[in-house]
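Report on the structure given below.
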Amino acid sequence: MRRDSVLQIQHSFTGPDQGTKGTLYLVPTPIGNLEDMTFRAVNTLKTVDVILAEDTRNTQKLLNHFDITTGQMSYHQHNSQSRIPQIIEMLEAGQNIAQVSDAGMPAISDPGFELVQAAIAANLTVVPLPGANAALTGLIASGLSTDQFAFIGFLPRKKSEKKAFLDNLVNFPYTMMFYESPFRLGQTLEDCQSAFGPDRQVVVVRELTKKFEEITRGSLADLVAHFDENKTIKGEICFYIAGNDDPSTDESLLQAALDDMPIKEQVQWWETHESMSTKDAIKQVAKQTGINKREVYAKYHEI
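In terms of my numbering, the sequence shown has 217 at position 223, counting the first letter as 1, and numbering is strictly consecutive.
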């Protein structure tokens, strides 16, 4: 059944409501080095009616540095649901509003995403500004493939959920981008090693654009050992894991499990689970293992 949908085309600066309704600007802020603030970002923050800030105290330092006097309103994960209707009303009334996060690109791993959805649903204009983003900044210096990649963000906190999540990524073929707390990094790398194996390449990037910027590259085994010896980790963390360039197929995973079984039990498995005759099951085991069919026959019949 076809789902009803409404085509929406936004002309950011020439729309029919331009001048009557307000615009929501998504403004990136530096991830460490204040020189990464763009001229357009500064000018936008100076000219909007209000700035939505994750932490108004933190954002005020940025505003003071660039002589921006625009007022702020707090907007974060704990008050987003109560704030959104109020913000939409302000935009409908013609106020221009900028949203910023504490650092980097708003709406990435923060409640700006929900605000954008609400603004789109209200047919309001949403204008994104380009700027600093930690995940992409670290990626281009990682040395891992940048042809295709995926932003994963923060992993689940619960051990069982984290394990299941990582296990589902074992065959993922593209570079994976993660955020992590410095307090959980060591354990997370160990969990990744358990899921992906010790040889998978990984890169940990710390304190991007700041004085103590650090990029650590190597295998998961290398980095697990390194951070086990260097447990005191500070700063913002991004890490990247290479994609699987030789993903396991269902067939190879099945065979890996069967390889732990004696030949006779392998034949019996194909007989039971695939309803094969003994003759066909012996052929299948010979094909899967590379063992001569006569040898499989002999082992099955214990000759």
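Note that the Cβ used here is the ideal one computed from N, Cα and C, for glycine as well.
Could you tell me whether the stretch 52 to 69 touches the stretch 31 to 41, where touching means 3 or more Cβ pairs closer than 8 Å?
Short answer: they touch.
What distance in whole Å lies between the Cβ atoms of L20 and G106, which are believed to be in contact at a cut-off of 8 Å?
7 Å
Among the residues of its own chain, which have a CB less than 7 Å from the CB of T182, if the five just before and after it don't count?
L149, E174
Go ahead and label F206 buried or exposed: buried means 16 or more other beta carbons lie within 10 angstroms of its beta carbon, across all protein chains shown.
Sixteen is the threshold: since fewer than 16 other Cβ atoms of the shown chains lie within 10 Å of the Cβ of F206, the residue is exposed.
Using a 10 Å radius around the Cβ and a threshold of 16 neighbouring Cβ atoms, would you call E155 buried or exposed?
exposed
For a minimum of 4 consecutive residues, which ranges assigned as the alpha helix (DSSP H) are wholly contained in the stretch 158 to 233?
179 to 190, 214 to 223
Give me the residue from P167, F233, G98, E83 with the minimum Cα distance to N117.
Answer by Cα proximity: E83.
Tell me which residues share the same chain as Q260 and place their Cβ nearer than 6 Å to its Cβ, disregarding the 5 neighbours each side in the sequence.
For Q260, where only same-chain residues beyond five positions count, the Cβ hits under 6 Å are L252, V279.
At what residue ranges does the stretch 261 to 292 contain a whole run of the alpha helix (DSSP H), taking only runs of 4 or more?
272 to 283
Output the distance between the C-alpha atoms of G298 and A158, rounded to the nearest integer angstrom.
The first residue shown for the chain is -5 and the last is 297, placing residue 298 beyond what the model contains.
What is the DSSP secondary structure of Q89, counted as helix, strand or coil?
The DSSP-derived three-state label of Q89 is coil.
In chain order, what are the residue ranges of uninterrupted alpha helix (DSSP H) at least 4 long that sit wholly in the stretch 79 to 132?
106 to 115
In the DSSP assignment, what residue or residues form a beta bridge with L18?
The partner list for L18 (beta bridge, DSSP) reads I91, V120.
Have a look at V120, V121, P167, P124 and flag the residue whose alpha-carbon is nearest the alpha-carbon of Q142.
P167
Going by alpha carbons, who is nearest to V110 out of L18, N162, G237?
L18
Buried or exposed: where does S269 fall if 16 or more other Cβ atoms within 10 Å of its Cβ makes it buried?
exposed
Nearest-angstrom Cβ-Cβ length linking F145 and L179, presumed shorter than 8 Å:
So it is not a contact: roughly 18 Å between Cβ atoms.
Does the Cβ of L1 have 16 or more other Cβ atoms within 10 Å, making it buried, or fewer, making it exposed?
exposed
Could you compute how far the alpha carbon of Q93 sits from the alpha carbon of T210?
The straight-line gap from Cα to Cα measures roughly 33 Å.
Restricting to Cα atoms, I'd like to know which of F33, G237, D193, A219 is closest to N162.
Closest in alpha carbon position to N162, among F33, G237, D193, A219, is G237.
Does DSSP put Q142 in a helix, a strand or coil?
coil
From which residue to which residue does the alpha helix (DSSP H) around L46 run?
Taken as a continuous stretch (DSSP letters only), L46 belongs to no alpha helix (DSSP H), being part of the beta strand (DSSP E) at 44 to 47.
Taking all protein chains shown into account, decide if A35 is buried (16 or more other Cβ within 10 angstroms of its Cβ) or exposed.
buried
Cβ-based burial, Q187 [other Cβ within 10 Å; buried from 16]:
buried
For S136, does the count of other Cβ atoms within 10 angstroms reach 16, so buried, or fall short, so exposed?
buried
Other residues of its chain near P336: CB distance less than 6 Å, five sequence neighbours each side excluded
The chain is shown only over -5 to 297; residue 336 falls outside these bounds and no answer can be derived.
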